[in-house]
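K.L.:
So the protein sequences, as listed, match chains A and B. Position 49 (the first sequence) corresponds to 1254 in this note's numbering; numbering is contiguous. Position 226 (the second sequence) corresponds to 291 in this note's numbering; numbering is contiguous. Cβ atoms here follow ideal geometry from the backbone N, Cα and C, with glycine treated the same way. Computed from a predicted model, the values in this text were never measured in an experiment.
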Amino acid sequence: MIAIVDYGAGNIFSVKNALDHLGFESRLVSDKESIRSADAVILPGVGAFPAAMEMLQRSGLADTVKEEARKKPFLGICLGMQLIFDKGYEFQECDGLGLIDGSVRKIEEPGLIIPHMGWNKLEKLNDCPLLENVGDDEYVYFVHSYKAHCDDDNIAAYCQYGGRVPALVYDGKYVYGAQFHPEKSGETGLKILKSFGGLI
Amino acid sequence: MLAKRIIPCLDVRNGKVVKGVNFEGIRDVGDPVECAEEYNRQGADEIVFYDITASFEGRGVFLDVVRETAKRVFVPLTVGGGIKTVDDIRETLRAGADKVSVNSQAVKNPQLIKDGADIFGSQCICVGIDAKKIGEKKWTVYINGGRVDMGLDLIDWVHTIERLGAGEICLNSIDADGTKNGFDIEMLKAVCDNCSIPVIASGGAGKIGDFAEVFEKTGATAALAASLFHFRELTVQEVKAYCRDRGVVVR
């Protein structure tokens, strides 16, 4: 069972719809025990970094998510990907989950349209199990105004938007983060989710 | 590099697809869920559902359509029509929409844009604008399906909605809509040059070259069309293949 952490942020049903479509058992969960007993965890999310961290902390789920992400496949999506870093700078400095070293800052480039919204091409940088079935010319769907700053070693793939934007990050063990929405990225996104489900 | 988006729009009334020509003379055709699946197969980058139902019952049927589509189509889904309150936005997003498009109600109550963006994030608040030319480089904003002139200057309105936190603008030209003479390049250019959020071009697409033209001549990041795709005059693939040949980056 894949636990989709429901902490009150975003359209979480689309993640569940995509997993249902692929035939993976999943549940929207908001309690610690369900996250602990799951085979894998997905942390979705849209909205603002500080508000999401506050919701995760207030519900007491932040620590559980941190612990479980070191034991079983874990995927953060969009804001959920940003939360896996040490710090976010959206409106104010805010601690993240600290699963991968790095920070999240506003995309700033003169003349660039923000948010980065639409389909952009994945450029692979490091080997990653989630990209095994993804070719060199595939697009995924992004909607975000902030981006991660982290070591190249943790970047599985990036895209170009006013410079490099980390698209898929990976800690080499269990932690994955997708800045794009695999659940909204057509066939390419479904392939990535299928590979994630296949890690169980 | 970010690809230009091609977006088919489906007008839905009482759970069925319709298409208005110049907002009048509606023809009823097709099941919206099946249409959306077909557009997905054709490579649509996003799908827009516009609810033109006036009744409370119709609203429920419409949200069922959104819910069912979200189970079968895995590209972004934007839903507009009849959204008046923050609760309407929440209900629409919970039905499976990724973005909502607000139009008349945003003009009547601009706070809706800010409240929506603060609660759900800018990325899911698209502001639809219907505008008409009134003079040299001057346009005003209309509401209620292009029927009521609000006397509001288009560029002023664009600045306002950007400041309130909208994530995207869908700009429909009343002058071009239904004419099939191409997108309203002059108006789109004026808006794109005056804002830094994504702009979707809407209204006037009649032939394949219109899409490449709007991307070459304006800063629009997406182009939307309804009847052209709905009546199979063009497919999304054909439009994309043509754009690609002209050097426009598409998925």
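1. Of the choices B/N79, B/A241, B/K149, whose alpha-carbon is the least far from that of B/A290?
2. With a cut-off of 8 angstroms, does the C-beta of A/S1242 fall near any C-beta of chain B?
3. At the level of alpha carbons, what is the spacing between B/E99 and B/A135?
4. Could you have a look at B/I91 and say whether DSSP puts it in helix, strand or coil?
5. Please say whether B/L236 and B/A277 have beta carbons closer to each other than 8 angstroms?
6. Can you name, in chain order, every residue of its own chain whose Cβ lies under 7 angstroms from the Cβ of B/D249, other than the five neighbours on each side?
7. For chain B, is any of its Cβ atoms less than 8 angstroms away from the one on A/E1388?
8. What runs of the alpha helix (DSSP H), each 4 residues or longer, lie entirely inside the region 201-289 of chain B?
9. Just verifying my parser: in three-state terms, what is the DSSP assignment at A/R1310?
10. Given that B/I226 touches chain A, what residues does it touch there, using C-beta distances under 9 angstroms?
11. Spell out a yes or no on whether the region 296-309 of chain B and the region 1309-1321 of chain A are touching, meaning 3 or more CB-CB pairs, one atom from each, closer than 8 angstroms.
12. Evaluate A/Q1458 with the Cβ neighbour count: other Cβ atoms within 10 Å of its Cβ, from every protein chain shown; 16 or more gives buried, anything less gives exposed.
13. A/P1334 CB to nearest chain B CB: under 8 angstroms?
14. To the nearest angstrom, how far is it from the Cα of A/L1408 to the Cα of A/L1398?
15. Within this structure, are the beta carbons of B/Y115 and B/V151 separated by less than 8 angstroms?
16. Only counting runs of 4 or more residues, tell me where the alpha helix (DSSP H) segments fall wholly within the region 1244-1275 of chain A, in order along the chain.
17. Return the bridge partner residues of B/D195 from the DSSP annotation.
18. For the region 1322-1332 of chain A against the region 1288-1307 of chain A, are there 3 or more C-beta pairs whose distance is under 8 angstroms?
19. Expressed to the nearest angstrom, what Euclidean distance is found between the alpha-carbon atoms of A/F1254 and A/I1312?
20. List, in order along the chain, the chain A residues whose C-beta lies closer than 9 angstroms to that of B/A291?
21. Leaving aside the five residues before and after B/C260 along the sequence, list all residues of the same chain whose C-beta is less than 6 angstroms from its C-beta, in chain order.
22. What residues of chain B sit near A/L1395, judged by a beta carbon separation below 9 angstroms?
23. Roughly how many angstroms separate the alpha carbons of B/A288 and A/D1300, rounded to a whole number?
24. Who are the neighbours of A/Q1365 on chain B, taking C-beta pairs under 7 angstroms?
25. Below 8 angstroms, how does it come out for the region 1374-1382 of chain A and the region 147-167 of chain B: are there three or more Cβ pairs, yes or no?
26. Give me the DSSP bridge partner(s) of B/T143.
27. DSSP three-state call for A/N1222: helix, strand or coil?
28. Among residues of its own chain, excluding the 5 on either side of A/S1219, which ones have a beta-carbon nearer than 7 angstroms to its beta-carbon?
29. Which one of B/R212, B/V192, B/A162, B/V264 has the shortest CA to CA distance from B/A171?
30. May I ask whether a heavy atom of the ligand GTP can be found less than 7 angstroms away from the beta carbon of B/A196?
31. When you compare each of A/V1309, A/A1362, A/G1250 to A/K1221 by their alpha carbons, which one comes out closest?
32. Around the Cβ of A/G1341, are there at least 16 other Cβ atoms within 10 angstroms (buried) or fewer (exposed)?
33. Go through its chain and collect everything with a Cβ distance to A/C1355's Cβ below 7 angstroms, but skip five positions before and after it.
34. Evaluate B/V213 with the Cβ neighbour count: other Cβ atoms within 10 Å of its Cβ, from every protein chain shown; 16 or more gives buried, anything less gives exposed.
35. Using Cβ-Cβ distances below 8 angstroms, what residues of the region 1244-1267 of chain A are close to chain B?
P.N.:
Concretely, from the data shown:
1. As a first step, residue 290 of chain B is located in the second sequence; it is residue number 225 there, counting from the start. Looking at the Cα atoms, B/A241 is the closest of the given residues.
2. For the purposes of this step, residue 1242 of chain A is taken as residue 37 along the first sequence, with counting starting at 1. No, A/S1242 does not count as interfacial toward chain B.
3. Taking the second sequence and counting its residues from 1, the one referred to as residue 99 of chain B is at position 34. Taking the second sequence and counting its residues from 1, the one referred to as residue 135 of chain B is at position 70. Roughly 12 angstroms between the two C-alpha positions.
4. Your numbering for residue 91 of chain B matches position 26 in the second sequence. Since pLDDT at B/I91 reaches only 47, below the 50 mark, its modelled position is unreliable, and no value is offered.
5. On the second sequence, position 212 is the one that residue 277 of chain B refers to. On the second sequence, position 171 is the one that residue 236 of chain B refers to. No. Outside cutoff.
6. On the second sequence, position 184 is the one that residue 249 of chain B refers to. S238, D240, A241, G268, G269, listed in sequence order.
7. Here residue 1388 of chain A refers to the residue found at position 183 of the first sequence. Judged by the 8 angstroms Cβ criterion, A/E1388 is in contact with chain B.
8. 219-229, 250-257, 273-282
9. Sequence index remark: in the first sequence, residue 1310 of chain A carries index 105 (1-based). The answer is strand: DSSP assigns A/R1310 an E or B state.
10. For the purposes of this step, residue 226 of chain B is taken as the residue at position 161 of the second sequence. None at all; the shortest Cβ gap to chain A is about 14 angstroms.
11. no
12. Because chain A spans 1206 through 1405 in this model, residue 1458 of chain A falls outside it and cannot be assessed.
13. Sequence index remark: in the first sequence, residue 1334 of chain A carries index 129 (1-based). No, A/P1334 lies away from the interface with chain B (no Cβ there is under 8 angstroms from its Cβ).
14. The requested residue 1408 of chain A does not occur in the structure, where chain A is confined to residues 1206 to 1405.
15. Position 50 of the second sequence, counting from 1, holds the residue named residue 115 of chain B. Position 86 of the second sequence, counting from 1, holds the residue named residue 151 of chain B. No, these two residues do not count as a Cβ contact at 8 angstroms.
16. 1254-1263, 1266-1273
17. To locate residue 195 of chain B, count along the second sequence from 1; it is residue 130. According to DSSP, B/D195 bridges with B/Y207, B/N237.
18. no
19. Sequence index remark: in the first sequence, residue 1254 of chain A carries index 49 (1-based). Sequence index remark: in the first sequence, residue 1312 of chain A carries index 107 (1-based). Distance between the alpha carbons of A/F1254 and A/I1312 is about 14 angstroms.
20. Indexing the second sequence from 1 puts residue 291 of chain B at position 226. Neighbours of B/A291 on chain A: none; closest Cβ ~20 angstroms, over 9 angstroms.
21. Here residue 260 of chain B refers to the residue found at position 195 of the second sequence. For B/C260, where only same-chain residues beyond five positions count, the Cβ hits under 6 angstroms are V223, E227.
22. In the first sequence, residue 1395 of chain A corresponds to position 190, counting from 1. F139, listed in chain order.
23. Position 223 of the second sequence, counted from the first residue, corresponds to residue 288 of chain B. Position 95 of the first sequence, counted from the first residue, corresponds to residue 1300 of chain A. Using only the alpha carbons, I get a separation of about 39 angstroms.
24. Locating residue 1365 of chain A in the first sequence gives position 160, counting from the first residue. Result: M66.
25. no
26. Numbered from 1 along the second sequence, position 78 holds the residue referred to as residue 143 of chain B. Note: B/T143 sits in a beta bridge opposite B/V113, B/K164.
27. Residue mapping note: residue 1222 of chain A aligns to position 17 of the first sequence, counting from 1. DSSP places A/N1222 in helix when its eight states are reduced to three.
28. Taking the first sequence and counting its residues from 1, one reaches residue 1219 of chain A at position 14. Cβ within range, chain order: E1388, K1389.
29. Your numbering for residue 171 of chain B matches position 106 in the second sequence. Nearest C-alpha to B/A171: B/V192.
30. No copy of the ligand GTP appears in this structure; indeed no ligand is present at all.
31. Here residue 1221 of chain A refers to the residue found at position 16 when the first sequence is read from its first residue. The shortest Cα separation from A/K1221 among A/V1309, A/A1362, A/G1250 belongs to A/G1250.
32. Here residue 1341 of chain A refers to the residue found at position 136 of the first sequence. Here the sequence assigns Asp to residue 1341 of chain A, which means Gly is not the residue at that position. The residue in question, A/D1341, is exposed, as its Cβ has fewer than 16 Cβ neighbours within 10 Å.
33. In the first sequence, residue 1355 of chain A corresponds to position 150, counting from 1. Excluding positions up to five away in sequence, the list reads F1290, I1305, D1306, G1307, P1371, V1374.
34. Taking the second sequence and counting its residues from 1, one reaches residue 213 of chain B at position 148. So B/V213 counts as exposed.
35. V1251, G1252, A1253
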